[in-house]
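**Student:**
Numbering (the numbering used here), first residue to last: 353 to 724.
Below, the structure written as structure tokens:
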């Protein structure tokens, strides 16, 4: 399983040098070229002169495999500075010593919660990796972990619509020979009532990696999901991940039609005509995409379930966004999406979003993963 690699460029104005940082692959080290949008010729950094201060400005941008971006900017009087294209173990050692020196002088500070940090320590990381790990943890731990919203089917039973909703969520796939595979993944998503533990959520969100570029035809066999829970590293295929989440059982996965069915499931709304579907389900003479404008009561209820118990949206819950319409159309028309893929992608995007205002959901699935 490939791990994210990060290389940052640091400029030291006192020693007039550029110091490089490289996070080492968990299997071995190897050279990585620095990517910079502002390079003039290979191996050099090009600078842009700003008239108001008469200085040359440079911006170095490095990207990880998970698309996390690290940017360092500075200004200097010189137009160009030679950048090394190769890195040796000595370079890494020098940089680690440089980081240790900066930490000793309190130049790098992470606001870590002592109790949580003790549990989340990752002792085998290098000095450079620990700094990135701790920096992300310091930002992640201030975010709120929200209690998941679950579906109370008894309420729908009182209104005589429980069976209709469950029937909408049950997707059947029939093969040419008449064999049928029944998919209950949506029902299982909304019925997961596991407790939420903050320390597990932090560790999972801090380390979770999902390779969205995995070959769609290999998701039954190729490892594409990596995370760490209770100090243990886990690597899974998407089909293994679905079983751990409780979306499918081992018996489901062993069904002779499962692989054929699983590989056909949609993962995004590419090619879907949102406007055409909205025009079919909306009230006459209305153009706004609002919940109250849905013509059919059952779809009205299903949208509430999707938004509140699956997407966990806390704002604009009465507005129909494009992902809402796509998922609603699949359930309405008897098709299905790859729920495990959508969940993995959603969690991975949330993990990358380290804004203090953003909230962490899906903690009940983290508990399910740990206890599986």
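C-beta: ideal position from N, C-alpha, C; glycine also. Given the structure is predicted, the values throughout are model-derived calculations rather than measurements.
Considering only their Cβ atoms, is the gap separating residue 546 from residue 664 smaller than 8 Å?
**Tutor:** Translated into the one-based positions of the chain shown, residue 664 becomes position 312. Translated into the one-based positions of the chain shown, residue 546 becomes position 194. No.
**Student:** Taking all protein chains shown into account, do 16 or more other C-beta atoms lie within 10 angstroms of the C-beta of residue 526, making it buried, or fewer, making it exposed?
**Tutor:** Taking the first residue of the chain shown as position 1, residue 526 is located at position 174. So residue 526 ends up on the exposed side.
**Student:** Quick check: the stretch 594–609 against the stretch 526–541, are at least 3 beta-carbon pairs closer than 8 Å?
**Tutor:** yes
**Student:** Would you list, in sequence order, the uninterrupted alpha helix (DSSP H) runs of no fewer than 4 residues that lie entirely inside the stretch 466–537?
**Tutor:** 466–472, 479–492, 505–510, 514–521
**Student:** Less than 8 Å between the C-beta atoms of residue 492 and residue 653, yes or no?
**Tutor:** Counting from one through the chain shown, the residue named residue 492 turns up at place 140. Counting from one through the chain shown, the residue named residue 653 turns up at place 301. Their beta carbons are not under 8 Å apart, which means residue 492 does not touch residue 653 by this criterion.
**Student:** With three or more beta-carbon pairs closer than 8 Å as the criterion, would you say the stretch 576–583 touches the stretch 546–561?
**Tutor:** yes
**Student:** What does a CB cutoff of less than 7 Å around residue 633 pick up in its chain, not counting 5 residues either side in sequence?
**Tutor:** Working through the chain shown from its first residue, we reach residue 633 at position 281. So the qualifying residues of the chain are 646, 647, 648, 651.
**Student:** Residue 584 to residue 622, Cα distance in whole Å?
**Tutor:** Taking the chain shown and counting its residues from 1, the one referred to as residue 584 is at position 232. Taking the chain shown and counting its residues from 1, the one referred to as residue 622 is at position 270. The alpha-carbon separation between residue 584 and residue 622 amounts to approximately 36 Å.
**Student:** Residue range of the beta strand (DSSP E) that residue 587 falls in?
**Tutor:** In the chain shown, counting from the first residue as 1, residue 587 sits at position 235. Segment 584–588, the beta strand (DSSP E) holding residue 587.
**Student:** Using the Cα positions of residue 523 and residue 514, report the straight-line distance between them to the nearest angstrom.
**Tutor:** Locating residue 523 in the chain shown gives position 171, where the first residue counts as 1. Locating residue 514 in the chain shown gives position 162, where the first residue counts as 1. Cα to Cα, residue 523 sits roughly 16 Å from residue 514.
**Student:** Using a Cβ-Cβ cut-off of 7 Å (strictly less than) and excluding sequence neighbours within five positions of residue 459, which residues of its own chain qualify?
**Tutor:** Your numbering for residue 459 matches position 107 in the chain shown. Since pLDDT at residue 459 reaches only 43, below the 50 mark, its modelled position is unreliable, and the value read off the structure follows with that caveat. Correct list: empty, nothing qualifies.
**Student:** Report the option in 662, 563, 660 whose CA atom is closest to the CA atom of residue 697.
**Tutor:** Taking the first residue of the chain shown as 1, we reach residue 697 at position 345. Residue 563 holds the alpha-carbon nearest to the alpha-carbon of residue 697 among 662, 563, 660.
**Student:** Take the Cβ of residue 531 as the centre, count every other Cβ of all protein chains shown within 10 Å, and call the residue buried at 16 or more, exposed below.
**Tutor:** Mapped onto the chain shown, residue 531 falls at position 179. Classification for residue 531: exposed.
**Student:** Residue 511 to residue 472, Cα distance in whole Å?
**Tutor:** For the purposes of this step, residue 511 is taken as residue 159 along the chain shown, with counting starting at 1. For the purposes of this step, residue 472 is taken as residue 120 along the chain shown, with counting starting at 1. Taking the straight line from one Cα to the other gives about 47 Å.
**Student:** Within 10 Å of its beta-carbon, does residue 724 have 16 or more other beta-carbons around it, so buried, or fewer, so exposed?
**Tutor:** In the chain shown, counting from the first residue as 1, residue 724 sits at position 372. Flag for residue 724 reads exposed.
**Student:** Let me know if residue 711 comes out buried or exposed under the rule of 16 or more other beta-carbons within 10 Å of its beta-carbon.
**Tutor:** Translated into the one-based positions of the chain shown, residue 711 becomes position 359. Result: exposed.
**Student:** Please look up how many angstroms separate the CB atoms of residue 573 and residue 589, rounded, as I've assumed it's under 8 Å.
**Tutor:** By 1-based counting over the chain shown, the position of residue 573 is 221. By 1-based counting over the chain shown, the position of residue 589 is 237. Confirmed, Cβ separation roughly 6 Å.
**Student:** Using the C-alpha atoms, what's the distance from residue 478 back to residue 504?
**Tutor:** Taking the chain shown and counting its residues from 1, the one referred to as residue 504 is at position 152. Taking the chain shown and counting its residues from 1, the one referred to as residue 478 is at position 126. C-alpha separation (whole angstroms): 47 Å.
**Student:** Using C-beta distances below 8 Å, list every residue in its chain close to residue 764, excluding the 5 sequence neighbours before and after it, in chain order.
**Tutor:** Not covered by the structure: residue 764. The range shown for the chain is 353 to 724.
**Student:** How many angstroms separate the CA atom of residue 606 from the CA atom of residue 670?
**Tutor:** What you label residue 606 is simply residue 254 of the chain shown in a count that begins at 1. What you label residue 670 is simply residue 318 of the chain shown in a count that begins at 1. Near 40 Å, if we compare the C-alpha coordinates of residue 670 and residue 606.
**Student:** Confirm, please, whether the CB-CB distance from residue 679 to residue 695 is below 8 Å.
**Tutor:** On the chain shown, position 343 is the one that residue 695 refers to. On the chain shown, position 327 is the one that residue 679 refers to. Going by C-beta atoms, residue 695 is not nearer than 8 Å to residue 679.
**Student:** Assuming residue 533 contacts residue 609 under a Cβ cut-off of 8 Å, what Cβ separation, rounded to an integer in Å, is found between them?
**Tutor:** Working through the chain shown from its first residue, we reach residue 533 at position 181. Working through the chain shown from its first residue, we reach residue 609 at position 257. Their Cβ separation, rounded to whole angstroms, is 4 Å, which keeps residue 533 and residue 609 in contact under 8 Å.
**Student:** So what does residue 648 bridge to, in DSSP terms?
**Tutor:** The sequence position of residue 648 within the chain shown is 296, counting from 1. According to DSSP, residue 648 bridges with nothing at all.
**Student:** What are the boundary residues of the alpha helix (DSSP H) that residue 677 is part of?
**Tutor:** Counting from 1 along the chain shown, the entry for residue 677 is found at position 325. In this chain, the alpha helix (DSSP H) harbouring residue 677 covers 674–684.
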